[in-house]
Amino acid sequence: MEATEALKAAQAAATGELRRLAEMKQQELEKRVEEAVNTREATFRTQMDARRRELVKEAEAQLAIHQEQYVRFVEAREKQLQTELTARRAERARLEASIMAEVRIEVATLAQEKGLDVVLARQYISVEGVDITEEVAHKVRGQQ
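Here the numbering used here runs 254 ahead of the position in the sequence shown, where the first position is 1.
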């Protein structure tokens, strides 16, 4: 029995030693796995940061291109509108000159018909004068 007990004691000691070695091996493996994970995580983070910087750089380049295109568009549109404005102002001046010529002709015609020596333009008032404004306006409108 002594041998059995010694064998059981040796077996228990061997089992304890085996468990201790297994735990040490487990801890060693966990440590290696953690180191591998940390290394991969650091590598991944580095790659992600590089990719992020690359994407930001590309986006900034695209933004600069779009901004320049927009500036060129705005400048072209402004030039186009300025040209249109100049043309419209010239047309307006031409029309005003044409209307004023018609008014002068009608004023001269009416003045001659009525025997008027002087026709006052603007807001001059003469107590004894004859106002032909409405007649001139009527004749000018009638010609259009």
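Backbone N, C-alpha and C define an ideal beta-carbon position, used for all residues, glycine too.
Rounded straight-line distance, which links the Cα of residue j to that of residue i
i, j, result
"Lys333", "Arg326", "10 angstroms"
"Arg307", "Phe298", "14 angstroms"
"Glu322", "Arg342", "30 angstroms"
"Arg274", "Ala304", "45 angstroms"
"Lys262", "Val291", "42 angstroms"
"Met354", "Leu335", "28 angstroms"
"Gln316", "Lys279", "54 angstroms"
"Leu339", "His320", "28 angstroms"
"Glu277", "Arg294", "25 angstroms"
"Ala296", "Leu309", "20 angstroms"
"Ala266", "Met255", "16 angstroms"
"Ala362", "Ala344", "27 angstroms"
"Glu350", "Thr337", "20 angstroms"
"Thr300", "Ala318", "27 angstroms"
"Tyr324", "Ala330", "10 angstroms"
"Glu284", "Thr258", "38 angstroms"
"Gly369", "Val328", "59 angstroms"
"Glu367", "Ser352", "23 angstroms"
"Glu271", "Glu282", "16 angstroms"
Environment of residue i [buried if 16+ CB atoms lie within 10 Å]
i, result
"Glu289", "exposed"
"Glu360", "buried"
Whole-angstrom C-beta distance between residue j and residue i, which should lie under 8 angstroms
i, j, result
"Leu364", "Val394", "Their Cβ separation, rounded to whole angstroms, is 11 angstroms, which puts Leu364 and Val394 out of contact at 8 angstroms."
Minimum Cβ-Cβ distance from residue i to chain C less than 7 angstroms
i, result
"Ala362", "Included in the structure is just one protein chain, with no chain C present."
Residue closest to residue i, alpha-carbon to alpha-carbon, out of the options
i, options, result
"Val357", "Glu284, His392, Glu314, Val287", "His392"
Near the ligand NAD: residue i beta-carbon under 6 angstroms from a heavy atom
i, result
"Glu277", "As for the ligand NAD, it is missing from this structure, which has no ligand bound."
Say whether the region 383-397 touches the region 359-373, bearing in mind that this needs 3 or more beta-carbon pairs closer than 8 angstroms, one atom from each stretch. yes
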